[in-house]
Every structure is written in structure tokens, then in C-alpha cells.
Amino acid sequence: MSIAGKKIGRYLFALFLIFSMNFIIPRAMPGDPLTNLLGEDVALTDSTVELLRSEMGLDKPWSEQYIDYWWGILHLDLGYSYHLHSAVSTILLSRIKWTLMLSLPSVVLGALLGTFMGALAGWKRRSARRKMEASSFLMIYCTPPFFLSLMCLYIFSFRLGLFPLKGFYSTGSPIDIIHHLLLPVLVMTLFSSSRNYMIMRGSVLQEKCNLYAAFARAKGLYDEEILFRHIFKNALLPIITMLALDFGFIFSGALFIEIVFSMDGMGNLIYDALMSRDYPVLQGSFLIITVMVVSANLLADILYGHLDPRVSRY
Amino acid sequence: MNCRHIKNRLLPTNTSLCSLVLFLSFLLMALLAPVIAPYDPYIRFEPYRSPSLEHLLGTNDLGNDIFSELIYSSRVSLIVGFGAALMATIIGTVIGLFAGYFKGTPDEILMGITDIFLMIPQIPLIIILAAFLMPSFYLIALIMGSLWWTSTARVVRSKALQIRETSFVEAARSLGFSDMHIIFSDILPNIVHVITPKFLMAIASAMIAESSISFLGLGDPTAKSWGMMINFAFIRGGFINDYWWWYLPPGICITLFVLSVVLISYAFEESEEAALRIE
Amino acid sequence: MSSSKKRPILGVDELSVSFQTSLGEVLAADEVSFRLHEDETLALVGETGCGKSVVASSILQLLPKNAEVHGQVVFEGRDILRSDEREMSHIRGSKIAVIFQNPSMSLNPIIRVGEQVAEPLQVHRGIPRHRSVQMALDHLNRMGLRGDTAIMYPFQFSGGMNQRVMIATSMILSPQIIIADEPTKGLDDALARDVVSEVMKIRDSSGAALLLITHDLQMARDVSDRVAVMYCGQIVEMGSRDDIFENPQHPYTAALLNCLPEKGFQPIPGSSPSMIHSPDGCKFHPRCQKRFERCRLRPPMEVLAGTKGASERQVRCWLR
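Protein chains in written order, with the working numbering: chain A, 3 to 316; chain B, 2 to 280; chain C, 2 to 321.
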């Protein structure tokens, strides 16, 4: 219990530091902090500028601003977008469900596919099919996610016309949404499974050299029985945390996939915010993503504790 | 009985040779860009030309020769990749060495910092910093380098923990050599083989990240890189109009270069395992 | 011990095993031949690195893939060195079982002990999980382990307990042959004695033949019927336990016996030769105090006069 407490404490501390960093960035960057906090191209008269400056507390000392910042965050107030004329938290809430719709199934499918195929690849590679598999996963692993999406969009939607070119939906019916989601989810699954594949393959390569694998064989287990009865779980345990850490990278990949497929999730929100230099939205998105990554790591730790008797027994 | 004897390479040995050749030819391409490229990448010809003998990959919206642009762009892409990786490797190595050598409280503090850095969503943070700073590509490399050292630090630390217990380090300590001397002249040379693959993987990550950021239009606008080329092709109609010769070659270049680096890194790790076998 | 009437159930003929390494070819076993008879215990003794474990692993084809194996291992009328992996998996654990050294590493760290002991029942007999675990529990009880052992994990046990668990796992299908590969290596004295008595119990109760691989001469003397002495990949002497221990014929056997405590721990002069460039002729001759010119030629394995039968006496030395 104390170990879990320590872990949670460390995660909270990490969150605290990253959130504080988010406070410092706009104030430490070159230029007027007001512009950095409001976003550029926001046309304002001088009097409103001064009004806003005092309203946002920028005339107060940093320490007070810092306390106000945390006060806001604890009330889920992530600032106001003067571009979109709406509270950042409201905007994020409306966009994030689309991103989750894309990334959750892909992350789950990618984890299953990647670890399963990666385990087989680490176990042995005799057949030509395995070699083909390994090479294709390696190619996907080495391709930037946005380029992978561009290629898939080009081949399957543009050339073959199998999928719609853009967006999450056109009519809004479930089948329509699924049709729109299919290709991006596929790309994202390939992307995340290629990363899991590489990690799992390496882990199985190491794990299968352990004596218990040899003893399993001596007991009469045949070939892949040894892999799935004995090695798989042992190989998965040490990499659960690695897979969780990789979640941040995979989630970033989702943003790029959204941009290429013109889907109205967080990715395009960030892209539009970049175009208009809408800093509050950018910062709010960063915070949300941080919270998600940290939660994924916490989840991985809890999962690890449940799966590994050596941890849960102590 | 050790089953590491079983050959289970990702790809056969001649593949690592090929990847080395590929890697070196990209390096040469960047170094000798003015010699190889048929034109200056900023000269303007007639825009939107299709590939021909005159312009191997046609011209872009401004009329620049895309083939020359591709060759010159390798410079920025490689500088960002290598620069970020070098910086990450130096930070990671120093932190890992100190944590592993001194153990105890310094170790806990340094590894605590590492854990926090591991938690930062790096690409979103780079996007934000790039949006605020509108940086030059040197600065982009610097930012990435200061975020990417975590895995190197972890590996170096665990190796340093092992090596500090060996007899030759004990001997050096009893002879009264300073800690700094032991760390940098006794321990460091013995972990170069674990740092090298990490360095190569950092190049790969940095190149993918650089191209992704450039694709968002956050790259250095004064410098051409492969990611910037794809960005221009994407936002200026190259994609919609099916000018594959515009956006495909830079993407392929990134993928191939990353592939060569990753393969060399794997070859390193495998030869390392082979060396362990012989003891 | 009248093992002369017993039928052989395992025949190893001219078994040679070599490994290709970057430093050269390692000849780990060099034309090793012996028979294992029903209901007998054969101890294969020798110093660490003499290739005895390689012999044990090659019988069940448990060697790494870069091993090159020649010769024959005849079991149930077939050369099982020619059997494929599928056929071998039917033999392993059900007809021929292995007990490894280092029990704590040989058991899967994250699977309950009961499940691990029950696994041969599931794999070979197709007994459903729940019932097989119940049977494993009974089996563990018979071996003197408490009832709650089955739900524990290997890391919660001592090395000695894990060794018993591993022995239980190997025994659960009553195999005809048990190969114990250095079961006492790395254990302290008290534990080693425990394991020895465990091994003796198995031998007496199951009627299985036991091939005991060990560097521990005292253990070999305590439990075996016959002894084969290995040096540098070759069997140099083989015979009944009493013959070997009371009347060693090969200079190496004699030297090895001199290492026993009651003989005053006299070490063998010189060091074990490299398995890559092993000496020509008799492999022991550089260290042998009785060597003469002929020892540069390879001595054959010869049967000593008057010892035909199961306990025949064989020596590989020009002096005989």
C-alpha cells in the first residue's frame, strides 16, 4: 500500500511540475505575456488591453498569478479562447471525444496485435511470412505517422475510392461514422502496433533464454505452447510501463493522423490554434494530454501490480 | 545452456551492411549537396512541372527544382537529427553516469527527474514551444535534445551501477583517483557500446519529430528540410493535384534514413549480445 | 546389485556434440556410449565443464540449435535423435523427465506452483485444468509438501522447496527414465543431502531408471549402481559403483577420487584442457603421472576381461 502511495505521490508531483511549467512558458517567452496568453491577431483597443491585463491578473506579482493559475485549474478553468470565443475547457471537451473515438480502439487493437505478433516474431522466425511481417512492421515503425496517413489516404481513398477523404462523418449515422473512422483507425492501429511489436519482440528474445522456458520444454510443452503458457506474460510484465510511456508518443501520432484525415478532434484543434497562434487552446490541450499520459502510466502501474504476484504479495 | 545461440536476427547480416551503405550515402548526399544537386534549390523555373530529364522530380509551386531541393533538404534534416541526438546522448550519459556512480541520494534525485521527464508528452510540448518561439532549426534540435535523454540516462545508470563494482574501478578508487577521473576515464569507455545504439535511436526519433513539426508548419521557415517539403506539398496543392513527385520523395527519404539508423542500432545491440556470449 | 539381468532401456551410442563458436569448434561430447538399464541408477561424474550436462541435454534434444549432434540415442527401439520436435515433446516429461540444476530459475516466477506441477497432466494426458491441479496437490502431499504449497509462487519458497517442486513436476507422470542434471549444484550441504535423499526415494519408489549427472562424488557413491567418469568430453572409465570407488583403473578416476575429503583433498595437478584445442591422444595425458610414449595416440574404450554383462567394466587407457 505504501508503494502505491509513493507511486501516486510521484505522479502527482510530476503533474504539479508539468502544470507549473505550463504556467511559466507564456510568461517567460519573448514578447508581451498578454499576447502570449491571449493569442496573436486578437484585435483589441488599448483600453481593453489594459482592462484585460488587470482582469487576467498580469499586473499582479508572479506569486499571486501562480496561485490564481492553480485556483483556475482546480476549478477546471483552462482560460478563454478569444479566437473561438469560448472557454478552453468547453472547446476541449467537445473535441476530445472524437480523438478518443479514434485513438482508444486503435490503442487497444494496436496493443493486442503488436504484442501478439511481436511475441511470435521474438519466438522464432523461420518462415518467409514472418520475415515479411517483421520487415513491414519495421517499415511502419520507421515512417512518420503523418506520412503513413498521407500514403494510406492517397492509396485507399484517393486512388481506390474505398473510404471517404475527410472528416468524422457526413450524414452522422453510426455506419457513416464507422466508415469514416475505418481508415484512420487502421492507420493508427498499424502505427501503435508497430511500436508495441518492436518492444515485445525484444522482450521475448530476452525472456526465452530463461531456464524456466527450457524446463517448460523439458516438461513436454510444444513450441508455441511454451511461448503462450510461459513466456508471454513474463515478457509482457517488464514492458507494461514502457508501453504506457509510449502512449504519449502514440497519442501524439493520433493528432497527426487527425490532421491528415481532416477530422475535427484535438489534432485539428491544435493545428488551427497553431495557424492562428491561439495560445490558450494550445496550452489547454497540452495539459489535457499530460493528464492523459500520466493517467495511462498510473493505470499501467496498477495493472502491473495486479499481474505480477511478486509485486502484489509484498 | 543458453538459447542466445539461436540466431533470431530481425534481418540477416547483409541487411546491416546495406543499411550502413544507405546511411553513409545519405551522409555523403548532405555533405556533397552542392556537387550532386543539378541546380541551386532557390532558383525559379516554371512552376508545377512534371518530372522530366531536365527536372528529375519536376518543380514545385515556386518553380524550384524538387530534386535539388530534396538533396539540399537532407542537410537540415540530418543536422536536426544528429544535433538533437548528440545533445540528448550527452545529457543522458552524464546524468546516468552520476546517478549510477554516486548511488544513494544523488541517484534518487536524478532518477526522479528522469521519471518526470519521461512523463512529459514530448511532441505536444515541442509544438507549444515551437509555436511561441518560432525557432531556427538549431533551436528545435536543442529543445528536442533536452527532452530525449531519459532512456539513455536509464541505460547508462544501470550499466554504471554494474561497472562501479568491478575490480578495476575499486583499484582506481583505492589508488586515490578522483571521482571525475574514474567516471570519465574508467567507466565511460566501458559503456560506449550501450550508448551508441541509444544515440542512433535518438537520431531516428528526432528526425521523425522534426518532420512532424515541420509538417505542421512549425519548422524553420528559412531552412528547407524534408518535413517542410511535405508541408508545402500538402498545403499548396501538391497532394490534392496528385503531384506524387513532390511529397513522396522527401517522405521516402525520411523513412529510409530512419530505417538505416534503426537497423544499424539493432546490429549494434546484436553484436553486443554476441560478445556477451563469448564472455 | 545384480543389474546384469536387467534390460537396457536407453542406449547412447557414439554420441558426439560440437558447437561452432567464434573462437573455434568446441567438442563438448566425444563419442560417448553407455547403456541405462531398467531400474538402475547410473551416475555420470566429472568436473564442471567436462561435457556431462551436454550429454544429458542432447538425449532429449534440449541443446541450442547451433549444436551439431552425431551418433544415436536409442529409446523404445528408435533413434530419438532423429525424432522431430513434435515427437520429442510427447517423450519429454511423460516418458523421460528431467530435473534441472537451479530449481528457482527453472520454475516460472509468476505461475502458481500447483499449476506448474499440473502442467504435464494437462499437456500429455489432456486432463482439464481444475482436476489436474487437484491431482498435483495430492501428488505434492505425497511428497511431503503442505497443502497450501499449490497456491504459492516459487519466489515464496526456498531453493530446497523449489527443488522438491521440480522433482514432483518431473515425477507426476511416472516416467521410465529420469535425468537429474546436477541436482545438488549450488545448494549448501544440508540441502544437498535433502535432495540426495529425495532422489533416492524416487529411485526406490518409482522403479524408474535414473541418469544422475553430478560433479559430487559422494552423492554418486551414495545413490548410484554404476558410475561413468567423464573427462574432456569422453567417458574414460565406467563400471559398477564398488569397482570404480574401490579399484579405479584410469589414472584420472584415481586422481578424482583423491579429491575426496577422506583421501585428503589432493588436487589434480595441471588444469582442465580447453575443449577447443583438446590434446591429441589420451586427453588426460598432459596431466597424467603415468604417461608414456603411447599416450600420444588415442586410447580405445576397452572392456576389461571377465566383466561382461550390465555392469561390465570399461576403461579408456593404454595401461590396461
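Glycine included, C-beta positions come from ideal geometry on N, C-alpha and C. Since the structure is predicted, the reported quantities are computational estimates derived from the model, not experimental observations.
Contact list for residue i against chain C, beta-carbon separation under 8 angstroms
{"i": "A:Leu-213", "result": "Phe-101, Asn-103, Met-106 and Ser-107"}
{"i": "A:His-232", "result": "Asn-109 and Ile-112"}
Extent of the continuous beta strand (DSSP E) run through residue i
{"i": "C:Ile-10", "result": "9 to 22"}
{"i": "B:Gly-82", "result": "Looking at the DSSP string, B:Gly-82 is not in any beta strand (DSSP E); the run it does join, the alpha helix (DSSP H), is 67 to 103."}
{"i": "C:Gln-117", "result": "C:Gln-117 -> not in any beta strand (DSSP E); alpha helix (DSSP H) instead, spanning 114 to 126."}
{"i": "C:His-71", "result": "68 to 76"}
{"i": "B:Thr-167", "result": "Element bounds for B:Thr-167: n/a, residue is neither H nor E."}
{"i": "C:Gln-235", "result": "235 to 241"}
{"i": "C:Met-231", "result": "227 to 232"}
{"i": "C:Leu-213", "result": "210 to 215"}
{"i": "C:Ala-44", "result": "42 to 46"}
Chain-ordered chain A contacts of residue i [CB-CB under 8 angstroms]
{"i": "B:Leu-134", "result": "Met-31 and Pro-32"}
{"i": "B:Thr-94", "result": "Within chain A, no residue comes near B:Thr-94; the closest Cβ sits about 20 angstroms away, beyond 8 angstroms."}
Heavy atom of the ligand MG within 7 angstroms of residue i beta-carbon
{"i": "A:Arg-29", "result": "Annotation note on the ligand MG: not contained in the displayed structure, which lists no ligands."}
Local conformation of residue i per DSSP, three classes
{"i": "B:Ser-226", "result": "coil"}
{"i": "B:His-56", "result": "coil"}
{"i": "B:Glu-47", "result": "coil"}
{"i": "A:Thr-101", "result": "helix"}
{"i": "B:Ala-131", "result": "helix"}
{"i": "A:Leu-185", "result": "helix"}
{"i": "A:Met-3", "result": "Here A:Met-3 scores only 47 on pLDDT, less than 50, and its place in the model is too uncertain to base an answer on."}
{"i": "C:Arg-93", "result": "strand"}
{"i": "C:Val-55", "result": "helix"}
{"i": "B:Gln-123", "result": "helix"}
{"i": "A:Lys-9", "result": "helix"}
{"i": "C:Glu-303", "result": "strand"}
{"i": "B:Gln-163", "result": "helix"}
{"i": "A:Tyr-273", "result": "helix"}
{"i": "A:Leu-14", "result": "helix"}
{"i": "C:Gln-341", "result": "Residue 341 of chain C lies beyond the range of chain C shown here (2 to 321); nothing can be said about it."}
{"i": "C:Gln-315", "result": "strand"}
{"i": "B:Leu-21", "result": "helix"}
{"i": "A:Ser-205", "result": "helix"}
{"i": "C:Arg-292", "result": "coil"}
{"i": "C:Ser-84", "result": "coil"}
Integer-rounded CB distance, given that residue j should sit under 8 angstroms from residue i
{"i": "B:Leu-260", "j": "B:Ser-20", "result": "7 angstroms"}
{"i": "B:Ser-233", "j": "B:Thr-90", "result": "Just to set this straight, residue 233 of chain B is Phe in the shown sequence, not Ser. Not really, about 32 angstroms apart at Cβ, beyond 8 angstroms."}
{"i": "B:Ser-212", "j": "A:Pro-146", "result": "5 angstroms"}
{"i": "C:Leu-211", "j": "C:Arg-204", "result": "5 angstroms"}
{"i": "B:Ser-147", "j": "B:Ile-92", "result": "7 angstroms"}
{"i": "A:Leu-54", "j": "A:Leu-80", "result": "The pair is not a contact, with the Cβ atoms about 17 angstroms apart (cut-off 8 angstroms)."}
{"i": "B:Val-157", "j": "B:Thr-94", "result": "5 angstroms"}
{"i": "B:Pro-39", "j": "B:Leu-63", "result": "So it is not a contact: roughly 17 angstroms between Cβ atoms."}
{"i": "C:Ser-107", "j": "C:Ala-119", "result": "Between C:Ala-119 and C:Ser-107 the Cβ distance is about 16 angstroms, and since that is not below 8 angstroms, they are no contact."}
{"i": "C:Ile-179", "j": "C:Ala-137", "result": "Contact flag wrong, Cβ pair sits at about 18 angstroms."}
N-terminal and C-terminal residue of the alpha helix (DSSP H) that residue i is part of
{"i": "A:Ala-298", "result": "281 to 309"}
{"i": "A:Ser-65", "result": "64 to 76"}
{"i": "A:Leu-150", "result": "147 to 154"}
{"i": "C:Asp-31", "result": "Element bounds for C:Asp-31: not the alpha helix (DSSP H) but the beta strand (DSSP E), 25 to 38."}
{"i": "A:Arg-131", "result": "130 to 144"}
{"i": "C:Ile-269", "result": "Unbroken run through C:Ile-269: none, as it is neither H nor E."}
Partners in chain C for residue i, counting only beta-carbon separations shorter than 7 angstroms
{"i": "A:Ala-216", "result": "Leu-63"}
{"i": "A:Tyr-123", "result": "Before going on, a small fix: residue 123 of chain A reads as Ala here, not Tyr. Within chain C, no residue comes near A:Ala-123; the closest Cβ sits about 17 angstroms away, beyond 7 angstroms."}
{"i": "A:Tyr-84", "result": "What A:Tyr-84 touches in chain C: nothing, since even the nearest Cβ is about 55 angstroms away."}
{"i": "A:Lys-235", "result": "Ile-111"}
Beta-carbon neighbours of residue i, restricted to chain C and to distances below 9 angstroms
{"i": "A:Gly-163", "result": "Chain C residues near A:Gly-163: none, gap ~48 angstroms exceeds 9 angstroms."}
Interface residues of chain B facing residue i [CB-CB closer than 7 angstroms]
{"i": "A:Arg-132", "result": "What A:Arg-132 touches in chain B: nothing, since even the nearest Cβ is about 10 angstroms away."}
Under 7 angstroms by beta carbon: chain A residues contacting residue i
{"i": "C:Gly-94", "result": "Ala-220, Lys-221 and Gly-222"}
{"i": "B:Val-259", "result": "Cys-144"}
{"i": "C:Glu-313", "result": "In chain order: nothing, as chain A lies at least about 30 angstroms away."}
Uninterrupted beta strand (DSSP E) stretches inside the segment 155 to 190 of chain C (no shorter than 3 residues): 178 to 182
Every unbroken alpha helix (DSSP H) within the segment 209 to 259 of chain A, with a cutoff of 4 residues, ordered by chain: 213 to 220
Uninterrupted alpha helix (DSSP H) stretches inside the segment 201 to 259 of chain B (no shorter than 4 residues): 227 to 236
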